[in-house]
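Report on the structure given below.
In our numbering, the protein residues as written are 296 to 631.
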């Protein structure tokens, strides 16, 4: 008999709601707020991103600051005919569509045809971007920072993303296979809605089926601690990536790469997204890392944000008001 999901959710911190996970470290945020003289100190970090990249930033504006050879081909949909826009820009299906302003994988979809794109366009109510689909085998989250008074920065976290899959046994359907694995059980309803009758297909023994191509934790992707990959070569690569990104000091690059050797060589890297001050060191959600270590590492990164903010304030850069953050979040989550 399977353990009820609600028990798994509340006994494994990787499944906790984000607000619940953060409760124990709120006192540290208050201490850093006193230290920096601002409840919203983190918004004074990246001067090239709205609110430092804490919330409400434009993905296309950030992507346009990344060197062209590191990013996938991307277009911002401004017309009522996205299929025509895709054709005019010589895209081939599949593509990835995602809201220009959004978080935690909401409304991010792999689009396999013009018909699917038209359906997506009708369903979303926000501005969005389309990216070419990158089929490189490795997806990583790489967190990098540089203090404003330093010429070089450091990689401090690497998250290896393991996509949600099932392996056939020759007799079980996709849904039955999902019921055999804890992580997959959380996604059964979503996968049934997406696959429909195909979710009842029996998978051949040894065959792997990718259920979710979007590398987001809340959609079943497993986050694995990849900090053993950090070395001087990696620091050098991301110093090169960011050297012309004036005003960027802290963030997580969500990327795909063909191989780890290519990662260290700085080639065959495609950065799908860059998150700013709100970036988490994703490796902490590998439960083998441990809850205490997760909180220690999270506070370590918050302290980096505070140090960046203090140095930027000395240069005349002020954080936004905390009221402005509350109003922005209210507009995004409630008023709309």
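Built from N, CA and C at the ideal position, the CB exists for glycine as well.
* residue 423 bridges to which residues according to DSSP? -> 394
* Close-in-space but distant-in-sequence residues of the same chain around residue 593 (CB under 8 Å, 5 per side omitted) -> 320, 575, 576 and 579
* For residue 616, count neighbouring C-beta atoms within 10 Å of its own C-beta (all shown protein chains included) and say buried if the count is 16 or more, exposed if not. => exposed
* Asked: Counting Cβ pairs closer than 8 Å, one from the region 515-535 and one from the region 446-455, do we hit at least three?
  -> yes
* In the DSSP assignment, find the unbroken alpha helix (DSSP H) run with residue 328 in it and report its ends. => 321-331
* Close-in-space but distant-in-sequence residues of the same chain around residue 473 (CB under 8 Å, 5 per side omitted) -> 461, 479, 480, 482, 483, 486 and 506
* What did DSSP end up calling residue 449 once you bin it into helix, strand or coil? -> Three-state result, residue 449: strand.
* Three-state class that DSSP yields for residue 334 in the structure shown -> coil
* Look up residue 486 in the DSSP assignment and say whether it is helix, strand or coil. => helix
* How about residue 439 and residue 510: are their beta carbons less than 9 Å apart? -> no
* To do: Would you list the one or two residues that DSSP bridges to residue 437?
  => In the DSSP secondary-structure assignment, residue 437 is bridged to 453 and 548.
* Asked: Just checking, does the region 533-549 make contact with the region 558-567 on the three C-beta pairs under 8 Å criterion?
  -> Proximity of the region 533-549 to the region 558-567 meets the contact definition, three or more beta-carbon pairs being nearer than 8 Å.
* Taking Cβ positions, are residue 469 and residue 422 nearer each other than 9 Å? -> no
* **residue 518 - containing beta strand (DSSP E), residue span** => Boundaries of the beta strand (DSSP E) harbouring residue 518: 517-520, taken from the DSSP string.
* Asked: The beta strand (DSSP E) spanning residue 505 covers which residue range?
  -> Start and end: 503-505.
* Asked: Who does residue 371 pair with in a DSSP beta bridge?
  -> 424
* To do: Tell me where the alpha helix (DSSP H) around residue 303 begins and ends.
  => 300-306
* At which residues does the beta strand (DSSP E) containing residue 567 begin and terminate? -> 564-570
* Asked: In whole angstroms, what separates the C-alpha of residue 387 from that of residue 501?
  -> 30 Å
* **Length of the line joining the Cα atoms of residue 385 and residue 378** => 11 Å
* Endpoints, the beta strand (DSSP E) within which residue 587 is located -> First-last for residue 587: 586-609, but that is the alpha helix (DSSP H), not the beta strand (DSSP E).
* Asked: Taking the alpha helix (DSSP H) that residue 379 falls in, what are its first and last residues?
  -> 377-383
* To do: Taking only heavy atoms of the ligand MN into account, decide whether any of them is closer than 8 Å to the Cβ of residue 619.
  => As for the ligand MN, it is missing from this structure, which has no ligand bound.
* Do residue 427 and residue 368 come within 9 Å of each other at the CB atom, strictly closer than that value? -> Taking the C-beta atoms as reference points, residue 427 is found nearer than 9 Å to residue 368.
* Asked: Would DSSP call residue 623 helix, strand or coil?
  -> helix
* Asked: Closest to residue 442 by CA distance: which of 370, 453, 341 and 526 is it?
  -> 341
* Excluding sequence positions up to five away, which residues of its chain have a Cβ less than 6 Å from the Cβ of residue 394? -> 402, 421 and 423
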